[in-house]
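Student: Handing you this structure, nothing more for now.
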Amino acid sequence: MSKPQDQTPQGVPYLSLQKEYKELRDEWMQAIDGAGASGAFILGPNVRAFEEEAAAYIGAKHAIAVASGTDALVLSLRALGIGPGDEVITTPFTFFATAEAVSLVGATPVFADVEIGSFNIDPASVAARITDKTRAILPVHIFGNPADMTRLNSLARGHGLHIIEDAAQAFGAQHSGQRAGSMGDCGCFSFYPTKVLGCYGDGGLITTSSDEVKARLIQLRNHGATRPFIHAEAGYNSRLDEIQAALLRIKLRDIEKAIAARRQVASWYDEMLSGLDLVTPKPAVNGRHAYNLYTIRHPRRDALRERLNACKIGNSQCYPQPLHLQTVYAELGYKEGDLPVAEALCYETLSLPIFPDLSRAQVAHVCEQVAEV
Ligand SMILES: Cc1ncc(COP(=O)(O)O)c(C=O)c1O
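Numbering (our numbering), first residue to last: 16 to 388.
This is how it looks when you write it as structure tokens:
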């Protein structure tokens, strides 16, 4: 007879793509074989088709595939003419790549605080930081929850600023019926494997409605070339390959199903954690959360984390240190207490396992352990 502890599920992974891979494998292998036989390995027919299909899904005029989400941000900033001497207002509660891209083009990131409920950049805090050097606002749809684009766009219009959406975590998220990536001058996506739409390697995409910006992005992603071996500017090697594009096309076909499954997992968490003294994610009003991550907040976050680790339940501290307090930005002169909401979130939030194939029983097991703490 088994002992009680043997009946406990064997931990819960933070992310598992094994079932998905088994289901997609045959179709993807066929597509890879086709790409190999055709001899078009980079920026070939699958990349072009994926760009068209992604633009149609997102609701943008153009989509330009690049090598990563970080490149999507860097190239967008360059294409909009942002560089040394310019300021870009962004959030400190995000993955480093958001602000890193601003630094990489020689501009200065200016950090605004975030909203306690949505974890997204607070438009009032943005407004207070606009100067005559500000050129753009760079909101992040954090964890898949859309930022308040209505207020941010009206701020941007009022001050003649660009908006670059960091939609790396928000493929398929919506604000007032519009998809993430269709509401600013440029929308930037990452296809890192953990994302809502992920490939099995690195990849990224930029959306834009401007023909001019599109032309510049196409030039920048391929060494600034206007035609083979003729270079108008120093650009990047940032091209998506056919193997990743073929997979992205297959996964894009069923992306609504994948998002619905994530939302189902999130609703199980909402239901099972509802009686507890902790804060569950607050989807934006008028928004559709894509639940790239399911992130809760509790003052005893570290105790919670220890418990989950002891039970082999995957979890992540997204993010342990706000960007304005990172050593790399010491010279910008921020100090603890400057952006109190973002700082509190870094000390109190914890991301729980979420992916389309997570079962209700696994969610129940995670919630039981959370409840114990
Ligand atoms: C909010 C955000 N921005 C940018 C990036 C960078 O994307 P990539 O890893 O594809 O370069 C990520 C990816 O982790 C992200 O989460």
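Yeah, the Cβ is synthetic: ideal placement off N, Cα and C, and Gly gets one too. As the structure is a computational prediction, the values presented were derived from the model and not from experiment.
1) Starting from Tyr-395 and walking both ways along the alpha helix (DSSP H), at which residues does that stretch end?
2) Could you tell me how far apart the beta carbons of Gly-26 and Cys-214 are, in whole angstroms, since I believe they sit closer than 8 Å?
3) Taking buried to mean at least 16 other C-beta atoms within 10 Å of its own C-beta, is Ser-133 buried or exposed?
4) Tell me, please, whether the region 276-290 touches the region 68-83 by the rule of three or more beta-carbon pairs shorter than 8 Å.
5) Can you give me the Cβ contacts of Gln-273 inside the same chain, cut-off strictly under 6 Å, excluding the 5 residues immediately before and after it?
6) One question on the structure: do Pro-107 and Leu-365 come within less than 8 Å of each other, judged by their Cβ atoms?
7) Can you tell me the Cα-Cα spacing of Ile-270 and Gly-348, whole angstroms?
8) Would Leu-267 pass as an interface residue toward chain C - the criterion being a Cβ-Cβ separation below 8 Å?
9) Alpha carbon to alpha carbon, what distance is there between Asp-41 and Ala-50?
10) Can you find the residues in the same chain that come closer than 6 Å, C-beta to C-beta, to His-128, ignoring five residues on each side of it along the sequence?
11) Under 8 Å: do the region 163-173 and the region 58-69 share three or more Cβ pairs, one atom per stretch?
12) If the criterion is Cβ atoms closer than 8 Å, does the pair Ile-328 and Gln-259 meet it?
13) Alpha carbons only, please: which of Tyr-306, Ala-82, Leu-338, Tyr-29 is nearest the one belonging to His-156?
14) Under 8 Å Cβ to Cβ from Gln-189, same chain only, skipping five residues before and after it: list those, please.
15) Span of the beta strand (DSSP E) holding Ser-205?
16) Closest by CA to Pro-28, which one among Ile-369, Val-388, Ala-143?
17) Going by the beta-carbon positions, is the gap between Phe-65 and Tyr-334 smaller than 8 Å?
18) Write down every uninterrupted run of the beta strand (DSSP E) in the region 206-276 whose length is 3 residues or greater and which is fully enclosed by it, in chain order.
19) Within the same chain, show all residues whose beta-carbon is closer than 7 Å to that of Ile-131, passing over the 5 residues directly before and after it, in chain order.
20) On a CA-only basis, which of Glu-321, Tyr-362, Ile-245, Gly-216 is nearest Leu-32? Give me that one, please.
21) What is the chain-ordered set of residues for which the beta carbon lies under 6 Å from any non-hydrogen atom of ligand 1?
22) Check whether the Cβ atoms of Ala-82 and Ser-253 sit closer than 8 Å, and answer yes or no.
23) Between Ala-386 and Cys-203, how many whole angstroms is the CB-CB distance? I'm expecting something under 8 Å.
24) List the endpoints of the continuous alpha helix (DSSP H) containing Ala-50.
25) For the alpha helix (DSSP H) that contains Asp-317, what are its first and last residues?
26) Give every residue of the same chain whose Cβ lies closer than 7 Å to the Cβ of Val-62, excluding the five residues on either side of it in the sequence, and list them in chain order.
27) What residue range does the beta strand (DSSP E) around Leu-92 cover?
28) In three-state terms, what does DSSP make of Leu-367?
29) Looking at the structure shown, is Arg-166 part of a helix, part of a strand, or coil, going by DSSP?
30) At which residues does the alpha helix (DSSP H) containing Ala-376 begin and terminate?
31) Please report the straight-line C-alpha distance between Leu-30 and Gln-336, rounded to a whole angstrom.
32) What did DSSP end up calling Gln-193 once you bin it into helix, strand or coil?
33) For Leu-338, name the three-state secondary structure that DSSP assigns.
Tutor: Based on what the coordinates show:
1) With the chain represented from 16 up to 388, any question about residue 395 goes unanswered, as that position is not in the structure.
2) Not quite, the Cβ-Cβ distance comes to about 27 Å (not below 8 Å), so this is no contact.
3) buried
4) no
5) Note that residue 273 corresponds to Ala in the displayed sequence, not to Gln. If we look at Ala-273 and ignore the five residues flanking it on each side, its Cβ neighbours are Pro-371.
6) no
7) For Ile-270 and Gly-348, the distance between alpha carbons rounds to 43 Å.
8) This model lacks chain C altogether, as it is built from one protein chain only.
9) So the alpha carbons of these two residues sit roughly 14 Å apart.
10) The identity of residue 128 in the sequence shown is Asp, whereas the question assumes His. These residues qualify, in order along the chain: Asp-137, Ser-140, Leu-354, Val-356, Ala-357.
11) no
12) no
13) Tyr-306
14) Pro-161, Ala-195, Gly-302, Arg-303
15) 201-205
16) Ile-369
17) no
18) 219-223, 240-242
19) Val-356
20) Gly-216
21) Chain-ordered list of matching residues: Ser-83, Gly-84, Thr-85, Thr-109, Phe-110, Ala-112, Thr-113, Val-155, Asp-181, Ala-183, Gln-184, Ser-205, Tyr-207, Asp-217, Gly-219.
22) yes
23) Actually they are not in contact, since the Cβ atoms of Ala-386 and Cys-203 sit about 38 Å apart, beyond 8 Å.
24) 33-53
25) First-last of the alpha helix (DSSP H) with Asp-317: 316-325.
26) Ala-80, Leu-255, Glu-257, Ala-260
27) Premise fails: Leu-92 lies in the alpha helix (DSSP H), 84-94, not in any beta strand (DSSP E).
28) strand
29) Helix at Arg-166.
30) 375-387
31) 22 Å
32) strand
33) Helix, per DSSP.
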